[in-house]
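So for the sequence shown, numbering that gives the first Met the number 0 puts the first residue at 0; every next one is plus one.
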Amino acid sequence: MDSGVSALKNILYLMADDFRPTLGSYGHPVKTPRLDALAQTALQFDFAYTQFAYCAPSRNSFMSGRRPERTRALNFLTTFRKEHGDAWVTMPQFFKEHGYFTSSAGKIFHDGMDDPLPWSHPSNQTAWIQCGDGDLFHTDNYCGVSAASSTPYTDEDLALAEGLSRMTLAQQSGKPWWVSIGVHRPHTRYRVPDGFYGHQLYPNGTADLVRPPKHPQAPAQAPWLSGNWEGGDIYDGHRRAGFGGGCRECVVPTEHAIEYRRWYYAAVTWADHSLGRALTHLDSFGDDVVSNTIVVFHSDHGYQLGEVWTM
């Protein structure tokens with residue numbers, strides 16, 4: 000490779016939160032046109048596994064390149080820096096140390112646990128916007144932004160506004176660049192705008208698409224603690240009723256699970272739309288920049304949608 004700056008590839012690093020492999024490119028009939036188009040020209044991993052099924056430990060793991068038993072970041076209270084200091088070099092930090100413009104917007108490192116060392120330009124961790132006044136369909140699991148909403152925009156609007164501006168600054172820097180943009184969706188609560196409500200994108204009658212979970216019950220001899228009986232990724236009174244009692248009947252009812260899945264898929268489509276804005280912005284830089292940019296997309300871990308057992 001030529002040692003000049005022009006030979007170095009830019010990196011656009013895109014992340015979603017709690018994103019199952021529910022993409023059209025994986026054969027799922029969910030609406031993800033932008034990421035599906037990316038997959039057509041990309042290397043797609045059909046077998047990929049998370050190191051830890053919680054956001055903070057997972058992000059500490061893949062951003063540092065170490066397993067959780069090495070990072071010792073196993074919860075939402077600590078980071079690998081607190082355990083190991085500044086000796087470890089993260090992915091974006093490696094590029095900064097080799098002359099790259101580096102910056103980030105949204106959720107890349109876990110919220111409230113951003114790492115300042117990788118960034119040559121300050122990062123921006125956009126705040127969560129909770130379901131609030133004026134939002135429609137307000138439940139424990141989802142809500143819809145409306146014209147009456149006290150906050151008439153979403154987390155993703157903030158993350159993309161900050162991220163696109165950093166892409167522009169990166170391109171103007173004259174350096175090769177790493178810019179990462181992370182969205183909160185489809186993490187619960189699924190707060191999405193009009194046009195992306197669950198029943199709009201995935202209405203009743205689409206039983207071939209929105210199906211109940213395959214594993215709503217644990218195997219007969221499975222110990223209670225091995226299942227997802229209490230809490231889990233979605234909230235439902237029937238599940239909470241089983242807390243502490245090993246109640247095998249206390250599962251999310253089928254009709255509830257289908258409704259939660261409908262809105263989860265809508266949040267997936269909203270994440271696809273939002274990250275698609277970054278891909279469109281990259282296109283605006285011209286074919287030479289596009290051909291010289293590596294685009295990476297992945298999530299931090301999977302998700303449970305009514306299952307109490309994961310095979």
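We put the CB at the ideal spot given by N, CA and C, even for glycine.
| query | According to the Cβ coordinates, are residue 155 and residue 137 closer than 8 Å? | reply | Locating residue 155 in the sequence shown gives position 156, where the first residue counts as 1. Locating residue 137 in the sequence shown gives position 138, where the first residue counts as 1. Not a contact, by the Cβ cut-off of 8 Å.
| If you draw a straight line from the C-alpha of residue 322 to the C-alpha of residue 145, how long is it? | Nothing in the structure corresponds to residue 322, since the chain is present only between 0 and 310.
| Exposed or buried, residue 47, counting other C-beta atoms within 10 Å across all chains shown (16 or more means buried)? | As a first step, residue 47 must be located in the sequence shown, where it is residue number 48. So residue 47 counts as exposed.
| said: Which runs of the alpha helix (DSSP H) at least 4 residues long sit entirely within the stretch 64-106? Give them in chain order. | reply: 67-70, 79-83, 90-95
| Neighbour-count burial assignment, residue 242, 16 or more Cβ in a 10 Å radius | Looking up residue 242 in the sequence shown gives position 243. Reliability of the predicted coordinates at residue 242 is poor, the pLDDT of 44 falling under 50, and no value is obtained from them.
| query | Considering only residues of the same chain and omitting the five flanking positions on each side of residue 128, which have a CB-CB separation below 7 Å? | reply | Position 129 of the sequence shown, counting from 1, holds the residue named residue 128. Around residue 128: 150, 153, 154, 190.
| query | What's the gap between the Cα of residue 277 and the Cα of residue 269? | reply | Looking up residue 277 in the sequence shown gives position 278. Looking up residue 269 in the sequence shown gives position 270. Residue 277 and residue 269: Cα-Cα distance of roughly 13 Å.
| field | Exposed unless 16 or more other CB atoms sit within 10 angstroms - verdict on residue 109 | value | The residue labelled residue 109 in the question sits at position 110 within the sequence shown. So residue 109 counts as buried.
| query | If you drop the 5 nearest sequence neighbours on each side, which residues of the same chain put their C-beta closer than 8 Å to that of residue 122? | reply | Counted from its first residue, the sequence shown places residue 122 at position 123. Correct list, in chain order: 102, 103, 104, 107, 113, 115.
| field | Spatial distance of residue 167 from residue 180 (CA atoms) | value | By 1-based counting over the sequence shown, the position of residue 167 is 168. By 1-based counting over the sequence shown, the position of residue 180 is 181. Rounded to whole angstroms, residue 167 to residue 180 spans 13 Å at the Cα level.
| said: Taking the straight line between their C-alpha atoms, what separation do you get for residue 35 and residue 267? | reply: Counting from one through the sequence shown, the residue named residue 35 turns up at place 36. Counting from one through the sequence shown, the residue named residue 267 turns up at place 268. Between residue 35 and residue 267, the C-alpha separation is close to 12 Å.
| message | Measuring straight from C-alpha to C-alpha, what distance separates residue 7 and residue 66? | response | As a working mapping, residue 7 is identified with position 8 in the sequence shown. As a working mapping, residue 66 is identified with position 67 in the sequence shown. Distance between the alpha carbons of residue 7 and residue 66 is about 29 Å.
| said: Please report the straight-line C-alpha distance between residue 20 and residue 173, rounded to a whole angstrom. | reply: As a first step, residue 20 must be located in the sequence shown, where it is residue number 21. As a first step, residue 173 must be located in the sequence shown, where it is residue number 174. The alpha-carbon atoms of residue 20 and residue 173 are separated by roughly 36 Å.
| Can you tell which of 289, 118, 76, 55 has its C-alpha closest to the C-alpha of residue 9? | Here residue 9 refers to the residue found at position 10 when the sequence shown is read from its first residue. Residue 9 has its Cα closest to that of 289, out of 289, 118, 76, 55.
| said: Give me the residue from 125, 140, 124 with the minimum Cα distance to residue 131. | reply: As a working mapping, residue 131 is identified with position 132 in the sequence shown. Considering only alpha carbons, the answer is 140.
| How would you call residue 274, buried or exposed, if buried means at least 16 neighbouring beta carbons within 10 angstroms? | On the sequence shown, residue 274 is found 275 positions in, with the first residue counted as 1. With 16 or more Cβ atoms within 10 Å of its Cβ, residue 274 is classed as buried.
| task | Run the CB neighbour count on residue 33, radius 10 Å, all protein chains shown included, and call it buried at 16 or more, exposed below. | result | Position 34 of the sequence shown, counting from 1, holds the residue named residue 33. Looking at its Cβ environment, which holds 16 or more other Cβ atoms inside 10 Å, residue 33 is buried.
| query | If you count every other CB in all the chains shown that lies within 10 Å of the CB of residue 95, and 16 or more means buried, which is it? | reply | Residue mapping note: residue 95 aligns to position 96 of the sequence shown, counting from 1. Buried is the call here.
| request: Could I get the ranges of all uninterrupted alpha helix (DSSP H) runs contained in the stretch 160-214, with 4 residues as the minimum, in chain order? | output: 197-200
| request: Measure the CB-CB distance between residue 24 and residue 43 and report whether it falls below 8 Å. | output: For the purposes of this step, residue 24 is taken as residue 25 along the sequence shown, with counting starting at 1. For the purposes of this step, residue 43 is taken as residue 44 along the sequence shown, with counting starting at 1. In contact: residue 24 and residue 43 (Cβ atoms closer than 8 Å).
| query | With DSSP run on the structure shown, which of helix, strand or coil describes residue 144? | reply | Residue numbering aside, residue 144 sits at position 145 when the sequence shown is read from its first letter. It is coil, neither helix nor strand.
| request: Determine which residues share a DSSP beta bridge with residue 11 and list them. | output: Residue numbering aside, residue 11 sits at position 12 when the sequence shown is read from its first letter. Answer is 178, 294.
| Which class does residue 42 belong to by DSSP, given the choice of helix, strand or coil? | As a working note, residue 42 is residue 43 in the sequence shown. If DSSP states are grouped into helix, strand and coil, residue 42 belongs with coil.
| query | Residue range of the alpha helix (DSSP H) that residue 281 falls in? | reply | Walking along the sequence shown from the start, residue 281 turns up at place 282. 253-283 is the span of the alpha helix (DSSP H), which, as asked, contains residue 281.
| field | Buried versus exposed call for residue 76 [16 or more other C-beta atoms within 10 Å across all chains shown] | value | What you label residue 76 is simply residue 77 of the sequence shown in a count that begins at 1. The residue in question, residue 76, is exposed, as its Cβ has fewer than 16 Cβ neighbours within 10 Å.
| One or two residues paired with residue 123 in a DSSP bridge | Position 124 of the sequence shown, counting from 1, holds the residue named residue 123. Its beta-bridge partners are 104.
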